[in-house]
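Q: Be aware that the sequence shown starts at 908, since it is given in the numbering used here, and climbs by one per residue.
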Amino acid sequence: MGDRVMTAADKRTLALAERRRLTSTLAGLTSRQWASPSLCAGWTVREVAGHVAENTRVGLGGFLLGMVRARFDHDEYNRRAAARWALLPTRDLVAALDTDRMMLVFRLSPALLLVDNVVHHQDIRRPLGLGTEIPEQVVAAALTAVLTEGAFAAEARRVAGNRLVATDIDWRHGEGQAELRGPAEALLMHVMGRPVDPAELRSTR
C-alpha cells in the first residue's frame, strides 16, 4: 500500500470488490452449506447473506420504519430484516447481492461498508472451512478502519494498549508494550469479536 493515504473512493472500490467475492462464494454453496451456522451468533449462512442483501436495498424510509417496528433496537431490526430476506429463493438472494447499490450510511462511510462486507464474508467462510484468505490491500484497509474509525470504538477497545502485528502481510498498528501477532484476517476477526482459534494469535508482554 505504500505511504499513499486511502481515500473514500478507494475504500468503496475495495468494499464493492469484496461484495463480489462474497457473491461468488455464495453462488457456489450447497443447500447444506446455506443452512449451516455462521459466526454471527444465532444466524445461519443464509441469514448472514440476507442481512448483507438487505443493506443493498433498504432506503432511509424503510430503515426508519423497520426501527420503529423493532422499538429502536438495532439488533432486533437486523434480526428481523435478515430473517425476512433469508426467505428469498437462493438464486434471488445471490442476485440481490450482485449490485453496487448500498444503503445511505454506507454511502456516507465506505469504511463501514468495507468492514461489513469483509467480516460477513469471513462469518460465512470460516465455519464452512473455505479458507481465510483475503486480498492483502482489502484486509489491511479493513483492519486500519476498525482501529481508527470512530464507528468501531467499541471493537477497538478490545485491543487497547496492544501493538498489533500481522504476520502474513506488512501491517502493524499501535505503540503499546503488549504485542498481539497473527495473520491479518485472524486479527480482524478477533477485534470484531468473532471466535478465533487461540493458536492463530500470539500475545507477548
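Think of the CB as a built atom: it goes at the ideal place given N, C-alpha and C, for glycine as much as any other residue.
Any contact of the segment 988-997 with the segment 1018-1033, i.e. 3+ C-beta pairs under 8 Å?
A: No contact exists between the segment 988-997 and the segment 1018-1033.
Q: Run the proximity test for residue 1089: is its beta-carbon closer than 7 Å to any non-hydrogen atom belonging to the ligand COA?
A: As far as ligands go, the structure on display features none, and thus does not contain the ligand COA.
Q: Tell me the residue span of the alpha helix (DSSP H) that contains residue 957.
A: First-last of the alpha helix (DSSP H) with residue 957: 952-964.
Q: Would you mind sorting residue 1033 into buried or exposed? The rule is 16 or more other CB atoms within 10 Å of its CB.
A: Residue 1033 should be labelled buried.
Q: May I ask you to report which of helix, strand or coil DSSP gives residue 1111?
A: Strand.
Q: Please report the straight-line C-alpha distance between residue 1005 and residue 954, rounded to a whole angstrom.
A: Roughly 17 Å separates the two Cα atoms.
Q: Starting from the Cα of residue 1045, find the closest Cα among 1065, 1062, 950, 1077 and give me that residue.
A: The candidate whose alpha carbon is nearest that of residue 1045 is 1077.
Q: Identify, in the order they occur along the chain, each residue of the same chain with its Cβ nearer than 8 Å to the Cβ of residue 1148, setting aside the five sequence neighbours on each side.
A: Any question about residue 1148 goes unanswered here, given that the chain covers just 908 to 1112.
Q: Measure the beta-carbon distance from residue 922 to residue 1042 and round it to whole angstroms, keeping in mind my assumption that it falls under 8 Å.
A: Wrong, their Cβ atoms sit about 12 Å apart, outside the cutoff.
Q: Could you tell me the distance, in whole angstroms, from the CA atom of residue 944 to the CA atom of residue 1020?
A: If you take the alpha carbons of residue 944 and residue 1020, they lie about 23 Å apart.
Q: Using the C-alpha atoms, what's the distance from residue 1099 back to residue 1066?
A: If I take the Cα positions, the gap works out to 10 Å.
Q: How about residue 1105 and residue 946: do their beta carbons lie closer than 8 Å?
A: The answer is no: Cβ separation not under 8 Å.
Q: Should residue 979 be labelled buried (16 or more other beta-carbon atoms within 10 Å of its own) or exposed?
A: By the 10 Å Cβ count, residue 979 comes out exposed.
Q: Just checking my contact of residue 932 with residue 1031 at CB under 8 Å: how many whole Å lie between their CB atoms?
A: Right, their Cβ atoms sit about 7 Å apart.
Q: Need the endpoints of the beta strand (DSSP E) that residue 1073 sits in, please.
A: Unbroken beta strand (DSSP E) run through residue 1073: 1069-1073.
Q: Measuring alpha carbon to alpha carbon, tell me which residue in 1013, 1002, 999, 950 is nearest residue 986.
A: Checked all of 1013, 1002, 999, 950; the closest Cα to residue 986 is 950.
Q: Give the straight-line distance between the Cα atoms of residue 1082 and residue 920, rounded to the nearest whole angstrom.
A: Each residue's alpha carbon lies about 30 Å from the other.
Q: Quick one: what's got a C-beta closer than 6 Å to residue 941's C-beta in the same chain, skipping five residues either side?
A: Within the same chain, residue 941 has close Cβ partners 952, 953.
Q: Does the beta-carbon distance from residue 1050 to residue 1000 come in below 8 Å?
A: No, Cβ-Cβ distance for residue 1050 and residue 1000 is not below 8 Å.
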